[in-house]
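Note sheet for the following structure.
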Amino acid sequence: MSQPQPSNLNVQVGSNVTLSVGATGNELMYQWRKNGQPIVGNPTATTATLQLTNVQVSDSGVYDVVVSNSGGSETSDPVNLTVTSGPVDPAPTITDQPDDTMVSVGSSATLSVTATGSNLVYQWYKDGMPIPGATGPTLTFPMAQLSDTGDYYVVVSNSGGTVTSNTAHLTVVSTISLIDVAPPTGTTNVCTDTAIRITFDQPPVAGTSGTIRIFRADGTLVDTIDMSNDTVPGTLVPGTQSSKSIGGASSMFNYYPILIDGNSATIYLHHALDYNQTYYVMIDAGAITDASGAPFAGINQPNQYQFSTRTAAPAAGKNPLVVSATGAGDFCTVQGAIDFVPTNNTQRRTIYVRNGVYNEIVYVRSNKRFITVRGETRNGARIEYANNENLNTGTLTRTLFGVDAADFQLWNITIRNTTTKLNSANNTRQAEAFRGNNDRIVLNRVSLYSFQDTLLLQSQGPQGAYVNESYIEGDVDFTWGAGTVFFKNCELKDVAPASRPQSYYSQIRNPQGKIGNVYVGCRLTRGTDTPDNSAYLSRIDPDDFPYSQVVWIDTLMDRHITPQGWLINNPSLEPVPANYPNIKFWEYNSRDITTGQPIDVSQRHPLSRQLTPEEAAFWRNPANVLGGWVPNLQGTKFDFDGDGAADRSVFRPGDQTWYLDQTSLSYQITKFGLSSDVIVPADYDGDGRTDIAVYRSGTWYILGSASGLIGTQFGVAGDVPQPADFDGDGRAEVAVFRGGTWYTFNLLNGEITQVQFGLSGDVPVVGDYDGDGKADRAIYRPSTGTWWYLSSVAGTQNAVQFGISSDVPVPADYDGDSKTDFAVYRDGVWWVLNSSSGTATTYQFGISTDQPVPADYDGDGKADFAVYRNGIWYIASSSSGFMITQFGTAGDQPAPGAYIP
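Numbering that gives the first Met the number 0 puts the last residue of the sequence shown at 900; the count rises by one with no breaks.
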C-alpha cells in the first residue's frame with residue numbers, strides 16, 4: 000500500500016481536498032474514515048481517492064482508509080487535516096504539464112510535471128487509479144511494455160491545497176517499421192479504386208482499435224475505417240470486419256478492411272476516390288499491430304503519405320476496359336471496371352483483367368448486361384476472397400463473384416473462394432465462387448475453387464448458362480441451382496478429404512417445365528485422399544423438388560463415384576419411378592477415367608435410368624437444352640492479347656518478325672517465320688488469343704499463346720490455308736483449300752476431314768454464316784459474283800449472288816448478330832449484305848490500292864471497316880469513330896488481311 004500524502008494538511012475554508020491511496024490485490028474494497036468513523040454521504044469514500052469539496056472547519060480531523068478483500072484488510076497511515084479560516088501555504092501551481100508520449104516496447108520513457116509551491120507532494124495516476132510508489136515529479140518507465148499504455152496524470156498537493164495536471168497518453172508501440180507503401184507517396188495518376196498496401200519489416204496483424212482515415216489535401220475527411228467496429232462479431236469470422244456497398248446491390252456486404260499477406264497489410268476503402276484529387280492517409284496506433292499485439296506507431300502527419308488520383312475517367316465508350324493490379328490499367332479492381340459500365344448497357348463491353356491477384360468481392364447488377372470479363376491468362380488472372388455464409392448471410396451477398404445480369408460472359412480466369420472447409424465450430428458453410436442468376440451466361444475456360452456450393456447457376460428463362468472447358472472444384476453440391484445449364488468438356492473435381500468423404504457433384508432444383516443441368520463430355524476427378532465409393536452424381540429431396548433433372552453424357556468417372564450413383568434424401572414415399580415420375584436422373588456412356596471401359600451401372604438408384612443413343616444425341620446438342628441459344632466460343636479474330644478487340648499487327652518479311660500493337664498489353668515483337676511463309680494467325684489452342692503462325696509448303700508452324708510451339712505437316716505446296724473453328728470448340732483447326740476440296744485436321748484429337756465443296760478457281764471465304772458458333776466452309780466465285788456456303792447447322796448448300804468478278808471478298812460480322820455477312824471491297828467502297836436485316840449497304844472508305852483489313856478493333860462485337868496503306872491504318876470504328884494509326888512500313892503484311900485474297 001502506498002500511503003496518503005502528505006501526513007499533515009492545512010487548508011483554508013472553501014478549499015477542495017483530495018486524498019488517495021494506492022493498493023494492490025484482487026477485488027479490493029475501500030472505506031475512508033474520519034476520526035475512526037466511516038464517512039457516509041460521500042460517494043468517493045468507498046474508492047481509492049477521497050474527494051472533499053468546499054471544506055469547512057468542521058471537516059478538520061484525522062483521516063485514514065481501510066482497504067480490504069476476502070484475504071483480509073489493511074489500514075493506511077493517518078492524515079491530519081486542519082481547516083482554518085486564516086492564511087495557509089499557497090496551493091501548488093503547475094507550470095509545465097506532462098505530454099503525450101509514444102515509446103517502443105522495451106525502450107525507456109518519462110512523464111514529468113513542473114510545479115511551484117512549498118512542501119509539494121506528488122501522486123501519479125494511471126487510468127484514474129493511483130500508482131503505488133509514484134510520488135515524484137517524474138514518472139519513469141525503464142523498459143516500457145504494452146501494459147503501460149494508458150492515460151496518466153499527477154495530483155500535486157501541499158498544505159495549501161491540490162492541483163491536478165492535464166492527462167497525458169502514453170502509447171507503447173511495436174518496433175515494427177514501415178518500409179514501403181503502394182501507391183508510393185507522391186505518386187500521381189493513381190486509380191480511383193486503389194487499395195493501400197503497406198509493407199513492413201516483419202509480419203503485421205490487423206488491429207482491433209484505432210482508425211484509418213483518408214483525407215483530401217484540403218483536410219476534408221472522405222473515408223474512415225474503424226478497426227474497433229466489427230460488423231460480424233464472434234468467432235466464426237475471426238478478425239475485424241466492416242461493411243460497404245458493392246455494385247449497387249440492395250444489401251451491404253461485410254468485408255475485411257485489412258488483409259495480410261506476408262509482411263504487407265492491404266487496406267481496402269469503403270468506396271472509390273474521386274478523380275483529380277490529392278489525398279493523404281492517417282493511421283492510428285493500434286489499427287495495425289505486430290504479431291505480439293504491439294501496435295504499429297501509425298501515420299500521423301498529413302505530409303507523411305500522400306498520392307494523387309488520375310485527372311479523369313476513361314472515355315465513356317472505351318472498350319476494352321483494362322484492369323491491372325499494379326495500377327497500370329484503367330482500374331485497379333474488377334468491380335471498379337464493372338461500376339464504370341453504364342446502366343442499361345446495350346453493347347458488348349469487355350473488361351480485360353491483366354495477370355495478378357485481385358482480392359475482392361465482385362457483383363454485377365441486373366441492369367448491366369452484355370459484360371464480358373476476360374483474364375489475360377487462365378491461371379495468371381485470379382480473383383480471390385473468403386466470402387461465405389458466416390461473413391455474409393444470404394445468396395446475394397455470400398458469393399465471391401455474383402451476377403444478376405443477362406448476357407454476361409467470363410473467359411480465361413480463375414475465381415477462388417478461399418473460405419476454409421470448416422469454420423471454428425467445425426461446420427461447413429455455403430461459399431459460392433460464382434453465382435449466375437439470369438439468361439445467356441457463359442463461363443468459358445474458367446477455373447472455380449471452393450468447397451461447398453462452388454457454382455450456382457439458375458436462369459430466368461429457357462436460355463440459361465453454358466459452361467465450357469472449365470475446372471470446378473468442391474465437395475458438397477458444388478454445382479447447384481434451378482437450371483438451365485449446359486456443361487461441355489469440363490473437369491469437376493471432388494476434394495472431400497478422407498475425414499469427411501461424402502460429396503455430391505450436383506443438386507439441381509429446377510421447377511416443372513424447366514430443364515435442369517446437362518453435362519456432356521465431362522471428367523469427374525478427385526483429390527489425393529478422397530476415398531473410393533464416396534461421391535454421388537447428384538442428390539435431391541424429391542418431395543421438395545420433384546422435377547429435378549440431371550443428365551450425365553459421355554462422362555469419364557473415377558472410382559470414388561458410388562455404385563448407386565444418385566442419392567435421394569428424405570423421400571416420403573418409396574423412391575421408385577411410380578412415386579416420383581418426374582425425377583430425371585439420366586446417364587449415358589459413363590466410362591472409367593483410367594481404363595476408358597464402360598462403368599458398371601447395374602446398381603444405379605432405381606429413380607435413375609440410362610438413356611438410349613437417340614436420346615443422348617438429342618441432349619448432346621446445346622441448342623436443345625438452352626432454348627435454341629448456343630454461344631459463340633470463338634475469340635475475336637486477330638486479338639493477340641485476348642481482350643476481345645483485334646490488334647493492329649503486321650508480319651515483316653524482311654526481318655521475319657511479327658509486330659503487335661496490342662490493345663491491352665504492351666507492344667510485342669516476335670521473330671517467327673521466314674520471308675516466304677504465308678501468315679496464318681488464328682486461335683489454335685483455344686485460350687481466346689490469336690496465335691502467331693505461318694504456313695510453309697504444307698507445314699504449319701504455330702506459336703501457341705497457351706500451348707507453345709507446334710509444328711505439323713498438313714497440306715501441300717499450292718494449297719490455300721484456311722484455319723478456322725469448324726467444330727465450335729473455340730480452337731481453330733488446321734485446314735487447306737485445294738482445287739474445290741477442303742482438308743481439315745483437328746489438332747486436339749487428330750481427326751482429318753475431307754469435304755468436296757467448290758471448284759478450282761473459287762476463292763475460299765470461311766465464316767460463320769449461319770450463326771451457330773461453328774465456321775462454315777464457303778467460297779466466292781468471281782466469275783459469277785456468287786457466294787456459296789455449306790451450313791454446319793443444316794448441312795445444306797446455300798448460294799447468294801453479291802458482287803462482281805473484280806471485287807475483293809471481305810466477309811465479316813459487320814452488324815454484330817454473330818453471323819458472317821457477305822461483303823466485297825470495290826475501289827474504296829465497301830458493299831455489305833447485312834445478315835440481320837437482309838439489306839445491302841455501301842460505305843466509302845479507302846482507295847483502290849488499299850488493302851482491306853476488316854476486324855473488330857473496338858471490341859464491340861462488330862467488324863469495323865479498315866484499310867492498311869503503306870504502314871498506316873485507317874479504321875472506321877463502329878463505336879469509337881475514325882482512327883488513323885501509324886504502325887508498320889510499306890511491304891509489311893497486316894495480320895487482319897491474312898485471309899483477304
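Idealized CB from N, CA, C, for every residue including glycine.
Going by beta carbon distance, what residues of the same chain come within less than 7 Å of residue i, once the five residues before and after it are set aside?
{"i": "residue 403", "result": "363, 364, 365, 436, 437"}
{"i": "residue 179", "result": "198"}
{"i": "residue 608", "result": "585"}
{"i": "residue 333", "result": "322, 350, 352, 357, 359, 361, 372, 382"}
By DSSP, does residue i sit in helix, in strand, or in coil?
{"i": "residue 235", "result": "coil"}
{"i": "residue 67", "result": "strand"}
{"i": "residue 739", "result": "coil"}
{"i": "residue 348", "result": "strand"}
{"i": "residue 621", "result": "helix"}
{"i": "residue 27", "result": "coil"}
{"i": "residue 702", "result": "strand"}
{"i": "residue 103", "result": "strand"}
{"i": "residue 147", "result": "helix"}
{"i": "residue 908", "result": "With the chain covering 0 to 900 only, the question about residue 908 has no answer from this structure."}
{"i": "residue 749", "result": "coil"}
{"i": "residue 775", "result": "strand"}
{"i": "residue 56", "result": "helix"}
{"i": "residue 163", "result": "strand"}
{"i": "residue 808", "result": "strand"}
{"i": "residue 282", "result": "strand"}
{"i": "residue 338", "result": "helix"}
{"i": "residue 464", "result": "strand"}
What does a CB cutoff of less than 8 Å around residue i pick up in its chain, not counting 5 residues either side in sequence?
{"i": "residue 311", "result": "274, 275"}
{"i": "residue 116", "result": "88, 89, 90, 91, 92, 155, 157, 159"}
{"i": "residue 17", "result": "48, 49, 50, 51, 154, 156, 161, 163"}
{"i": "residue 669", "result": "656, 657, 659, 691, 702"}
{"i": "residue 106", "result": "142, 143"}
Taking 9 Å as the cut-off, decide whether the C-beta atoms of residue i and residue j are in contact.
{"i": "residue 257", "j": "residue 205", "result": "yes"}
{"i": "residue 101", "j": "residue 284", "result": "yes"}
{"i": "residue 483", "j": "residue 515", "result": "yes"}
{"i": "residue 297", "j": "residue 209", "result": "yes"}
{"i": "residue 657", "j": "residue 637", "result": "no"}
{"i": "residue 578", "j": "residue 544", "result": "no"}
{"i": "residue 848", "j": "residue 830", "result": "no"}
{"i": "residue 12", "j": "residue 84", "result": "yes"}
{"i": "residue 370", "j": "residue 406", "result": "yes"}
{"i": "residue 497", "j": "residue 529", "result": "yes"}
{"i": "residue 741", "j": "residue 721", "result": "yes"}
{"i": "residue 463", "j": "residue 487", "result": "no"}
{"i": "residue 807", "j": "residue 678", "result": "no"}
Can you list, in chain order, the residues of its chain whose CB lies under 6 Å from that of residue i, leaving out five sequence neighbours each side?
{"i": "residue 569", "result": "540"}
{"i": "residue 785", "result": "798, 800"}
{"i": "residue 301", "result": "279"}
{"i": "residue 43", "result": "49, 50"}
{"i": "residue 887", "result": "649, 870"}
Confirm the yes/no value for this check: CB of residue i, any heavy atom of the ligand GDP, distance under 8 Å.
{"i": "residue 884", "result": "Judged by which ligands are present, the structure shown has none, so any question about the ligand GDP falls away."}
Assess contact between the region 478-495 and the region 587-594, defined as three or more Cβ pairs (one per stretch) separated by less than 8 Å. Is contact present?
no
Quick check for students: name the residue ranges of the alpha helix (DSSP H) that lie wholly in the region 368-400, counting only runs of 4 or more.
394-397
Evaluate contact between the region 412-428 and the region 226-241, counting only Cβ atoms and requiring at least three cross-stretch pairs below 8 Å.
yes
Under 8 Å, with one C-beta from each stretch per pair, do the region 447-458 and the region 466-479 reach the 3-pair mark?
yes
Taking contact to mean 3 or more Cβ pairs, one atom from each stretch, closer than 8 Å, check whether the region 871-889 and the region 688-701 are in contact.
no
Cβ contact (3+ pairs, closer than 8 Å) linking the region 312-320 and the region 170-177:
no
Any chance you could list the beta strand (DSSP E) runs of at least 3 consecutive residues sitting entirely within the region 420-445, in chain order?
433-435, 440-443
Quick check: the region 334-345 against the region 847-857, are at least 3 beta-carbon pairs closer than 8 Å?
no
To test your reading of the DSSP string, which unbroken alpha helix (DSSP H) runs of 4 or more residues are found completely within the region 71-124?
none
Cβ pair count under 8 Å reaching 3, the region 141-155 against the region 55-62
no
Below 8 Å, how does it come out for the region 748-759 and the region 879-896: are there three or more Cβ pairs, yes or no?
no
The region 410-420 contacting the region 739-748, beta-carbon criterion three pairs below 8 Å:
no
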